[in-house]
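Colleague: For reference, the structure I am asking about is given below.
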Amino acid sequence: MSEDLGAFYRRIDEVAAEGQRVAVATIARTRGSTPREVGAKMIIRSAGEALGTVGGGCGEAEVWRTALDVIADGRARMVHVELTEEIDIKSEGVCGGTLDVFVESWGPDQSGLLRGGLFGPGAAAELALLPALENSIPVTLATVIERRRASPIPVGAKMLVRWDGRRVGSLGSPALDNRVATTAIAALAREEPTTATYPLGSEPDAATVDILLEPHAPPPRVVILGAGHIAQPLARIARLCDFRVTVIDDRATFANRERFPDAEVIVEDVESAVQRLAVDSRTYLVLVTRAHAHDVFALRHLIHRRSAYVGMIGAQRRVWAVFKLLHDEGVSADLLERVHAPIGVDIGAETPAEIAVSIMAEIVNTRREGPAPRMSDRLRDRFQRRLRANEAIDEPDL
Numbered sequence: 003m004s005e006d007l008g009a010f011y012r013r014i015d016e017v018a019a020e021g022q023r024v025a026v027a028t029i030a031r032t033r034g035s036t037p038r039e040v041g042a043k044m045i046i047r048s049a050g051e052a053l054g055t056v057g058g059g060c061g062e063a064e065v066w067r068t069a070l071d072v073i074a075d076g077r078a079r080m081v082h083v084e085l086t087e088e089i090d091i092k093s094e095g096v097c098g099g100t101l102d103v104f105v106e107s108w109g110p111d112q113s114g115l116l117r118g119g120l121f122g123p124g125a126a127a128e129l130a131l132l133p134a135l136e137n138s139i140p141v142t143l144a145t146v147i148e149r150r151r152a153s154p155i156p157v158g159a160k161m162l163v164r165w166d167g168r169r170v171g172s173l174g175s176p177a178l179d180n181r182v183a184t185t186a187i188a189a190l191a192r193e194e195p196t197t198a199t200y201p202l203g204s205e206p207d208a209a210t211v212d213i214l215l216e217p218h219a220p221p222p223r224v225v226i227l228g229a230g231h232i233a234q235p236l237a238r239i240a241r242l243c244d245f246r247v248t249v250i251d252d253r254a255t256f257a258n259r260e261r262f263p264d265a266e267v268i269v270e271d272v273e274s275a276v277q278r279l280a281v282d283s284r285t286y287l288v289l290v291t292r293a294h295a296h297d298v299f300a301l302r303h304l305i306h307r308r309s310a311y312v313g314m315i316g317a318q319r320r321v322w323a324v325f326k327l328l329h330d331e332g333v334s335a336d337l338l339e340r341v342h343a344p345i346g347v348d349i350g351a352e353t354p355a356e357i358a359v360s361i362m363a364e365i366v367n368t369r370r371e372g373p374a375p376r377m378s379d380r381l382r383d384r385f386q387r388r389l390r391a392n393e394a395i396d397e398p399d400l
């Protein structure tokens, strides 16, 4: 969803702190063309004020009316919205699908889920939803939205699952919790909310529950080592693509807020910075340093880290020199194969801005598992053959 989730849940928290209840409407399923996606949310207060939208029109009005009933009696409901009924010759929209919108009540009794302590005073605050969002901790919120065939699982039950498997809450069954936790972690990688059906037994007529999985992950981060002419347009493009950006360079005349107004800027030598750099599976590392020695040091310390991507700029001979040196030091050919070098997608780029486009295209291609040809593809097999053969040559025939 496009809304600021932190602001959304903080608003719920503020209302709950006043002792009031709100209804939260969440799109759980879509079919056909719809104005909003699964996971889109809306808050409705008892006086009728709303924050967010699940699509507008008559369908949203029906959700709004249901939300007032939910606030009144506390019982969650599923609203089926037929957008096809709104289409006529005068319609401005192009949607003609259907929405299933889950509407539930949130109030003071949910403050623990938001701030901690939901499952007793010993519950860790960092496992609550708002601290996770505020501290960029990837979590998935699992909610039971429907049940069938006399299922004992209560509608509205919730469990919060962190990226590392730690979790709080329960959906009503330890076996179900374990199965959902595995799916919840996988949902973080896809970054898309989804609804899944879980049978509660092996019999054909076993009861089932539908669970909405909402992954809340911080934006991925591009770390640019080197603040030269390519780094500046690359940082801007990365921000346009909704990446967080960190720029590292020891030259304050290059690494400063004037040149990188929307990035975290670290003025420090590469050797010190990379040893303290936090890297995870949502980190994309770009080496555009000014010196061969910086590339070698950075790769030596970062290639073993669990990053999503490592790319290094350089002509083919420079890339080979770095690979050969690290391989001679004991870095395996398999690890070196992770490095995208020469960096970028082959678009014939020449200027710093064009090279930045090429680099960011490869990062997006990696993130989305796209089919775009990479510059490194042409050399990967040749480099791997020579490294595995441990050929005693200074450079391949390039």
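Here my numbering runs 2 ahead of the position in the sequence shown, where the first position is 1. Virtual Cβ for every residue (Gly too), placed ideally from N, Cα, C.
Tell me which residues share the same chain as R33 and place their Cβ nearer than 6 Å to its Cβ, disregarding the 5 neighbours each side in the sequence.
Modeller: Position 31 of the sequence shown holds residue 33. So the qualifying residues of the chain are G99 and T100.
Colleague: For T100, which beta-bridge partners are listed by DSSP?
Modeller: Counting from one through the sequence shown, the residue named residue 100 turns up at place 98. According to DSSP, which records beta bridges pairwise, T100 is partnered with R33 and E84.
Colleague: Please state whether DSSP places V17 in a helix, a strand or coil.
Modeller: As a first step, residue 17 must be located in the sequence shown, where it is residue number 15. Helix, per DSSP.
Colleague: Give the C-beta separation of A280 and T368 to the nearest angstrom, bearing in mind that I take them to be a contact with Cβ-Cβ under 8 Å.
Modeller: What you label residue 280 is simply residue 278 of the sequence shown in a count that begins at 1. What you label residue 368 is simply residue 366 of the sequence shown in a count that begins at 1. That pair is no contact at about 20 Å.
Colleague: From what residue to what residue does the beta strand (DSSP E) around T210 run?
Modeller: Here residue 210 corresponds to residue number 208 of the sequence shown, with the count starting at 1. Its beta strand (DSSP E) spans residues T210 to H218.
Colleague: With a threshold of 16 other CB atoms inside 10 Å of the CB of D75, please say whether the residue is buried or exposed.
Modeller: Sequence index remark: in the sequence shown, residue 75 carries index 73 (1-based). Its Cβ having fewer than 16 others within 10 Å, D75 is exposed.
Colleague: Please say whether R117 and I139 have beta carbons closer to each other than 8 Å?
Modeller: Against the sequence shown, residue 139 aligns to sequence position 137. Against the sequence shown, residue 117 aligns to sequence position 115. No, Cβ-Cβ distance for I139 and R117 is not below 8 Å.
Colleague: Thinking C-alpha only, which one of A208, P206 and P217 is nearest A191?
Modeller: On the sequence shown, residue 191 is found 189 positions in, with the first residue counted as 1. When each option's Cα is compared against that of A191, the closest is P217.
Colleague: Residue range of the alpha helix (DSSP H) that V366 falls in?
Modeller: Numbered from 1 along the sequence shown, position 364 holds the residue referred to as residue 366. Here the alpha helix (DSSP H) through V366 covers P354 to R369.
Colleague: If I measure Cβ to Cβ from R150 and keep anything under 7 Å in the same chain, skipping five residues before and after, which residues do I get?
Modeller: In the sequence shown, counting from the first residue as 1, residue 150 sits at position 148. Contacts found: A209 and T210.
Colleague: How close, in whole Å, do the beta carbons of A188 and G167 come, if the pair is a contact with beta carbons under 8 Å?
Modeller: For the purposes of this step, residue 188 is taken as the residue at position 186 of the sequence shown. For the purposes of this step, residue 167 is taken as the residue at position 165 of the sequence shown. Actually they do not touch by this definition, with Cβ atoms about 12 Å apart.
Colleague: Within 10 angstroms of the Cβ of D336, are there 16 or more other Cβ atoms? Answer buried if so, exposed if not.
Modeller: Translated into the one-based positions of the sequence shown, residue 336 becomes position 334. Flag for D336 reads exposed.
Colleague: What residue ranges within the segment 136–223 form continuous alpha helix (DSSP H) runs of no fewer than 4 residues, ordered along the chain?
Modeller: 176–192
Colleague: Can you grab the Cα-Cα spacing for the pair F10 / A355, in whole Å?
Modeller: Within the sequence shown, numbered from 1, the residue matching residue 10 stands at position 8. Within the sequence shown, numbered from 1, the residue matching residue 355 stands at position 353. Straight-line Cα distance between these residues: approximately 36 Å.
Colleague: Is it buried or exposed for A186, if we count other Cβ within 10 angstroms and need 16 for buried?
Modeller: Taking the first residue of the sequence shown as 1, we reach residue 186 at position 184. Buried: at least 16 other Cβ atoms inside 10 Å.
Colleague: Expressed to the nearest angstrom, what Euclidean distance is found between the alpha-carbon atoms of L327 and V249?
Modeller: As a position in the sequence shown, residue 327 is number 325, starting the count at 1. As a position in the sequence shown, residue 249 is number 247, starting the count at 1. Their backbone Cα atoms lie some 26 Å apart in a straight line.
Colleague: Considering just the uninterrupted stretch of the beta strand (DSSP E) at L287, what are its terminal residues?
Modeller: Here the question's residue 287 lines up with position 285 in the sequence shown. Taken as a continuous stretch (DSSP letters only), the beta strand (DSSP E) holding L287 covers T285 to L289.
Colleague: Could you spell out the range, first to last residue, of the alpha helix (DSSP H) harbouring D251?
Modeller: Reading the sequence shown from its first residue, position 249 is the one you call residue 251. Premise fails: D251 lies in the beta strand (DSSP E), R246 to D251, not in any alpha helix (DSSP H).
Colleague: Between the C-alpha atoms of G370 and G21, what's the straight-line distance to the nearest angstrom?
Modeller: Within the sequence shown, residue 370 is the residue found at index 368, counting from 1. Within the sequence shown, residue 21 is the residue found at index 19, counting from 1. Here residue 370 is Arg; the residue named in the question, Gly, does not match the sequence. So the alpha carbons of these two residues sit roughly 43 Å apart.
Colleague: Return the bridge partner residues of I226 from the DSSP annotation.
Modeller: Counting from one through the sequence shown, the residue named residue 226 turns up at place 224. I226 pairs with V249 and V288.
Colleague: Please classify T285: is it buried, with 16 or more other beta-carbons within 10 angstroms of its beta-carbon, or exposed?
Modeller: Against the sequence shown, residue 285 aligns to sequence position 283. Classification of T285: buried, given that the 10 Å Cβ count is 16 or more.
Colleague: I'd like to know if S274 contacts chain B, where contact means its C-beta is closer than 8 Å to some C-beta of that chain.
Modeller: The structure shown has no chain B; it contains just one protein chain.
Colleague: Buried or exposed, going by whether 16 or more other CB atoms sit within 10 Å of the CB of Q1?
Modeller: Residue 1 cannot be examined here, being either before or after the span of the chain that is shown, 3 to 400.
Colleague: Measure the C-alpha to C-alpha separation of P176 and A144 and round it to an integer number of angstroms.
Modeller: The residue labelled residue 176 in the question sits at position 174 within the sequence shown. The residue labelled residue 144 in the question sits at position 142 within the sequence shown. A direct Cα-to-Cα measurement between P176 and A144 gives close to 14 Å.
Colleague: Rounded to whole angstroms, what is the Cα-Cα separation between A69 and R38?
Modeller: To locate residue 69, count along the sequence shown from 1; it is residue 67. To locate residue 38, count along the sequence shown from 1; it is residue 36. Rounded to the nearest angstrom, the two C-alpha atoms are 18 Å apart.
Colleague: Thinking just about the alpha-carbon of each residue, which of D207, E194, I213 and E193 is nearest to the one in Y200?
Modeller: Translated into positions along the sequence shown, residue 200 becomes position 198. Comparing Cα positions, the closest option is I213.
Colleague: Among P375, P235 and R388, whose alpha-carbon lies nearest the alpha-carbon of G350?
Modeller: Position 348 of the sequence shown, counted from the start, is the residue given in the question as residue 350. Of the candidates P375, P235 and R388, the one whose C-alpha sits nearest the C-alpha of G350 is P375.
Colleague: Could you tell me how far apart the beta carbons of S360 and G346 are, in whole angstroms, since I believe they sit closer than 8 Å?
Modeller: Here the question's residue 360 lines up with position 358 in the sequence shown. Here the question's residue 346 lines up with position 344 in the sequence shown. So it is a contact: roughly 3 Å between Cβ atoms.
Colleague: Taking H306 as the reference, give the member of L338, A63 and A358 with the closest Cα.
Modeller: Residue 306 sits at position 304 when you count from the first residue of the sequence shown. Selected option, being the one with the closest Cα: L338.
Colleague: Could you tell me which residues DSSP puts in a beta bridge with L53?
Modeller: Position 51 of the sequence shown holds residue 53. Bridge partners of L53: I45.
Colleague: If we ignore side chains and look at the alpha-carbon of each, how far apart do P123 and V146 end up?
Modeller: Looking up residue 123 in the sequence shown gives position 121. Looking up residue 146 in the sequence shown gives position 144. Here P123 scores only 43 on pLDDT, less than 50, and its place in the model is too uncertain to base an answer on.
Colleague: If you draw a straight line from the C-alpha of Q234 to the C-alpha of E266, how long is it?
Modeller: Position 232 of the sequence shown holds residue 234. Position 264 of the sequence shown holds residue 266. Near 13 Å, if we compare the C-alpha coordinates of E266 and Q234.
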